[in-house]
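As structure tokens, the structure follows; a few thoughts come after it.
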Amino acid sequence: MTTENGNPVFDYAPAPESRDIANLRPSYRMFLDGEFVEGGGEPLKTINPATEEVLAEISTASASDVDRAVKAARRAQDRVWGRMAGAERAKYIFRIARMVAERSRELAVLESLDNGKPIKESRDVDVPTASAHFFYHAGWADKLEHAGYGPAPKPIGVAGQVIPWNFPLLMAAWKIAPALACGNTVVLKPAETTPLSALVLAEIIQQAELPAGVVNILPGAGDVGAELVNHPGVDKIAFTGSTEVGKIIQRSLAGKGRKVTLELGGKAANVVFDDAPLDQAVEGIVNGIFFNQGHVCCAGSRLLVQESIADELLGKLHARVSTLRVGDPLDKNTDVGAINSREQLLKIRELAESGEAEGAVRWTSPCPVPDKGFFFAPTVFSNVSQAMRIAREEIFGPVLSVLTFRTPDEAVAKANNTPYGLSAGIWTEKGSRILWMANRLRAGVVWANTFNRFDPTAPFGGYQESGFGREGGRTGLEAYLDV
Amino acid sequence: MSDRVTVAKTYKLYLGGTFPRSESGRSYQVKDSRGGFLANAAQASRKDVREAVVAARGAFGKWSAATAYNRGQVLYRVAEVLEGRREQFIAEVCASEGVQQRRAQAVVDAAIDRWVWYAGWTDKIATVLGASNPVAGPYFSFSVPEPSGVIGVLAPQSSSLLGLVSVLAPVLATGNTAVVLTSQDRPLPAITLSEVLATSDVPGGVVNILTGRTAELAPWLASHADVNGLDLCGAAAAQRADLERAAADTVKRVLRAPATEPDWTKAADMSRMRAFLETKTVWHPMGV
Numbered sequence: 197m198t199t200e201n202g203n204p205v206f207d208y209a210p211a212p213e214s215r216d217i218a219n220l221r222p223s224y225r226m227f228l229d230g231e232f233v234e235g236g237g238e239p240l241k242t243i244n245p246a247t248e249e250v251l252a253e254i255s256t257a258s259a260s261d262v263d264r265a266v267k268a269a270r271r272a273q274d275r276v277w278g279r280m281a282g283a284e285r286a287k288y289i290f291r292i293a294r295m296v297a298e299r300s301r302e303l304a305v306l307e308s309l310d311n312g313k314p315i316k317e318s319r320d321v322d323v324p325t326a327s328a329h330f331f332y333h334a335g336w337a338d339k340l341e342h343a344g345y346g347p348a349p350k351p352i353g354v355a356g357q358v359i360p361w362n363f364p365l366l367m368a369a370w371k372i373a374p375a376l377a378c379g380n381t382v383v384l385k386p387a388e389t390t391p392l393s394a395l396v397l398a399e400i401i402q403q404a405e406l407p408a409g410v411v412n413i414l415p416g417a418g419d420v421g422a423e424l425v426n427h428p429g430v431d432k433i434a435f436t437g438s439t440e441v442g443k444i445i446q447r448s449l450a451g452k453g454r455k456v457t458l459e460l461g462g463k464a465a466n467v468v469f470d471d472a473p474l475d476q477a478v479e480g481i482v483n484g485i486f487f488n489q490g491h492v493c494c495a496g497s498r499l500l501v502q503e504s505i506a507d508e509l510l511g512k513l514h515a516r517v518s519t520l521r522v523g524d525p526l527d528k529n530t531d532v533g534a535i536n537s538r539e540q541l542l543k544i545r546e547l548a549e550s551g552e553a554e555g556a557v558r559w560t561s562p563c564p565v566p567d568k569g570f571f572f573a574p575t576v577f578s579n580v581s582q583a584m585r586i587a588r589e590e591i592f593g594p595v596l597s598v599l600t601f602r603t604p605d606e607a608v609a610k611a612n613n614t615p616y617g618l619s620a621g622i623w624t625e626k627g628s629r630i631l632w633m634a635n636r637l638r639a640g641v642v643w644a645n646t647f648n649r650f651d652p653t654a655p656f657g658g659y660q661e662s663g664f665g666r667e668g669g670r671t672g673l674e675a676y677l678d679v
Numbered sequence: 013m014s015d016r017v018t019v020a021k022t023y024k025l026y027l028g029g030t031f032p033r034s035e036s037g038r039s040y041q042v043k044d045s046r047g048g049f050l051a052n053a054a055q056a057s058r059k060d061v062r063e064a065v066v067a068a069r070g071a072f073g074k075w076s077a078a079t080a081y082n083r084g085q086v087l088y089r090v091a092e093v094l095e096g097r098r099e100q101f102i103a104e105v106c107a108s109e110g111v112q113q114r115r116a117q118a119v120v121d122a123a124i125d126r127w128v129w130y131a132g133w134t135d136k137i138a139t140v141l142g143a144s145n146p147v148a149g150p151y152f153s154f155s156v157p158e159p160s161g162v163i164g165v166l167a168p169q170s171s172s173l174l175g176l177v178s179v180l181a182p183v184l185a186t187g188n189t190a191v192v193l194t195s196q197d198r199p200l201p202a203i204t205l206s207e208v209l210a211t212s213d214v215p216g217g218v219v220n221i222l223t224g225r226t227a228e229l230a231p232w233l234a235s236h237a238d239v240n241g242l243d244l245c246g247a248a249a250a251q252r253a254d255l256e257r258a259a260a261d262t263v264k265r266v267l268r269a270p271a272t273e274p275d276w277t278k279a280a281d282m283s284r285m286r287a288f289l290e291t292k293t294v295w296h297p298m299g300v
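Chains as they are written, first to last, in the numbering used here: chain Z, 197 to 679; chain R, 13 to 300.
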């Protein structure tokens, strides 16, 4: 078989990871005050988006469960965690980091089953980075007085945290690790469609012998999140998710004095100049938009190409994208896995259709796509104008919109022409241009000659409607300290 | 005693580097602490707020891109010019706030010194808040603080000069531009301060100062889509939640008001600068 450009596509024998490794159980319960208990909410069934089969039944929280969890977190904060020496807190968090690493293979398979992401990503990115986040923040717990927030920075209290489905375990780590390091206790709600890895993390937290109530994990849908966000006993809200829901949360917290940080959507520009190393840029563009099926808030979803190389780059891009393997998330050769839910798949389809209707040129990878499950073949739109929905709205799927520019000033103007401001990419061999661009792009993370790099030491978060507050680094501690 | 009649000042808005009246033609009487007439102040309108945001947005590119050294010199210049008009400010603070001469002197001196403090910060913020990130991979990663953009500042209602300077200077030091709603009933020192700003090399539009009814104007500022941040300091307690709600429509950074107006004579810290700063993290691979 060859691609449309004549490049060979090699046949790969299937190399599936065994689903037994996930130790999947028929049912999972919520984690409240140190115990796994049945929740009072309507149980939900979580499915494997690659097969649409039910993976497990999950008990969910009711309003009174949220109340109990917040109270348990308060007790734990007042009596134990808030008073504990930082050096002791640190050791608990180090334990979590180690135990996540020890169970990394199990967690990776579980994550791919529940989320649909390729095993190579859950194995090489999600799980190791989650462990690294705990390890990094553990070290802060007894060094907060050196963090630049005064001689004795205090925790805020009880943190209510609501996380999305795109990086279920990693987002839990991003939220829980800094909160615990700073002396807060946590009530966390994982996403409705991806609760499993957070509940295994709860098991790890229990095995690490964290005092009861320090971390509570309550699965459920948006109503449980709203209950948590609006609970008067919560001192701090941290939310990662859509800008739409972020605004609702910010509105609902108006006048309540609670500290809030929001990590919301994006529509990142990935800017390619005519002197860029094109093959390397193509790899970066592919990584930028097709990593995690494009379910990435900082995805490089708007490709801005200098006009003189647009045709050449587009040709190379089509050739490369047509070699991406779409299919079984558990297969180690899979590049693009399943869309996380039917709802998301429909949203992606709807936006892609709007691209065609508005006059953009659609190219879809001719790759085979499984018959069942939620899949969307990698898609590239060219001839996109700034006014089109596919250039303005976050698609959160494997869909790239290609626009062109002539001058660096035009590239900056187009890149910044969005209410978002989470991330951006720059591809050029010229160092001074990288720094010039990096300086002018209104985005919280700028990747130059690379894309989608994450590290617990590097602050992450957005400008404008991509939210406020940072996660990671010394800067990220501010979100969990009363400063 | 001279028979000469003094030339009374017309107090106007400060907008885009000029001193217009309100486009609405409205004005309101400003009284001293005993109820005596001091002056008529311009009563700004919604349109004035929008003009001010346009001016602040227009000035943002240059001000935020100015070198930190340059911004420091400009803010220091503000202190110099303010020092030269010290007696005038003491008289205005006395009249506006009804405080004794000695108290007013201390307040004006503290306001001058606060400009100097923030002037010295401009080229240290990135050192203190920025970082080289020791990432686990072959990448150079660094983080720098950058201004959030256009900030709506509801100036404190009681401290007409020191309070205003304490909330405005950190916004400017970090490279943001500002639209300020002054203390409603004590607006005169703010307008005189705008004359200082206009003659201190602060580029036009970087600071825009509006006098008028806080409760009337604040919602327009809070809901304006081209405003990135909002300092609620001078908002009435009853209006704060509504303003925060309006600010959420464009995910503004909101600096909430303390329950009671703080004692501005106390030393400042970095928190007001952090409130309107973003962190930008830049990555580049390392290799040969």
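Note that CB positions come from ideal geometry on N, CA and C, so glycine has one too. Fair warning: this is a prediction, and the values are worked out from it, not measured in the lab.
Run of the alpha helix (DSSP H) containing residue i, from where it starts to where it stops
{"i": "S628 of chain Z", "result": "G627 to R636"}
{"i": "P215 of chain R", "result": "Here P215 of chain R belongs to no alpha helix (DSSP H), and DSSP marks it neither H nor E."}
{"i": "T325 of chain Z", "result": "V323 to W336"}
{"i": "T139 of chain R", "result": "I137 to L141"}
{"i": "N483 of chain Z", "result": "L474 to F486"}
Exposed unless 16 or more other CB atoms sit within 10 angstroms - verdict on residue i
{"i": "Q41 of chain R", "result": "exposed"}
{"i": "E109 of chain R", "result": "buried"}
{"i": "R83 of chain R", "result": "buried"}
{"i": "M353 of chain R", "result": "For chain R, the structure presents residues 13 to 300; residue 353 of chain R sits outside this window and is missing."}
{"i": "A57 of chain R", "result": "Residue identity check: residue 57 of chain R is Ser in the sequence provided, not Ala. When all chains shown are included, S57 of chain R counts as buried."}
{"i": "D60 of chain R", "result": "buried"}
{"i": "V86 of chain R", "result": "buried"}
Opening and closing residue of the beta strand (DSSP E) in which residue i lies
{"i": "K432 of chain Z", "result": "K432 to T436"}
{"i": "D15 of chain R", "result": "No beta strand (DSSP E) holds D15 of chain R; DSSP gives it neither H nor E."}
{"i": "S260 of chain Z", "result": "Counting along the chain, S260 of chain Z falls outside any beta strand (DSSP E), though it belongs to the alpha helix (DSSP H) covering A259 to A272."}
{"i": "Q357 of chain Z", "result": "V354 to V358"}
CB contact flag (residue i, residue j, <7 Å)
{"i": "Q296 of chain Z", "j": "A337 of chain Z", "result": "Note that residue 296 of chain Z is Val in the sequence shown here, rather than Gln. Cβ distance not < 7 Å, so V296 of chain Z and A337 of chain Z don't count as in contact."}
{"i": "A279 of chain R", "j": "C245 of chain R", "result": "no"}
{"i": "L233 of chain R", "j": "G175 of chain R", "result": "no"}
{"i": "V191 of chain R", "j": "V300 of chain R", "result": "no"}
{"i": "T4 of chain R", "j": "P157 of chain R", "result": "Limits of chain R in this structure are 13 at one end and 300 at the other, which puts residue 4 of chain R out of reach."}
{"i": "A78 of chain R", "j": "D135 of chain R", "result": "no"}
{"i": "S170 of chain R", "j": "G241 of chain R", "result": "no"}
{"i": "S255 of chain Z", "j": "E234 of chain Z", "result": "yes"}
{"i": "V430 of chain Z", "j": "V358 of chain Z", "result": "no"}
{"i": "N426 of chain Z", "j": "A265 of chain Z", "result": "no"}
{"i": "A471 of chain Z", "j": "T624 of chain Z", "result": "The residue you asked about is not Ala; residue 471 of chain Z is Asp in the sequence shown. Yes."}
Residue-level contact to chain R via CB, residue i, 7 Å cutoff
{"i": "P655 of chain Z", "result": "yes"}
{"i": "T646 of chain Z", "result": "yes"}
{"i": "D322 of chain Z", "result": "no"}
{"i": "D651 of chain Z", "result": "yes"}
{"i": "R666 of chain Z", "result": "yes"}
{"i": "E172 of chain Z", "result": "Residue 172 of chain Z is absent from the model: chain Z starts at 197 and stops at 679."}
{"i": "G312 of chain Z", "result": "no"}
{"i": "W643 of chain Z", "result": "yes"}
{"i": "A671 of chain Z", "result": "Inspection of the sequence shows that residue 671 of chain Z is occupied by Thr rather than by Ala. Closer than 7 Å: yes."}
{"i": "Q446 of chain Z", "result": "yes"}
Under the three-state DSSP convention, the category residue i falls into
{"i": "Q502 of chain Z", "result": "strand"}
{"i": "Q196 of chain R", "result": "coil"}
{"i": "S155 of chain R", "result": "strand"}
{"i": "Y40 of chain R", "result": "strand"}
{"i": "G451 of chain Z", "result": "coil"}
{"i": "F101 of chain R", "result": "helix"}
{"i": "M285 of chain R", "result": "helix"}
Any chain Z beta carbon closer than 7 Å to residue i
{"i": "A260 of chain R", "result": "yes"}
{"i": "W284 of chain R", "result": "The amino acid at residue 284 of chain R is misidentified as Trp; the sequence shows Arg. Closer than 7 Å: no."}
{"i": "P11 of chain R", "result": "Outside the displayed range of chain R (13 to 300) lies residue 11 of chain R, so it cannot be described from this structure."}
{"i": "R83 of chain R", "result": "no"}
{"i": "W295 of chain R", "result": "yes"}
Residues within the stretch 14-27 of chain R neighbouring chain C, beta-carbon criterion of under 7 Å | This model lacks chain C altogether; the protein chains it does include are Z and R.
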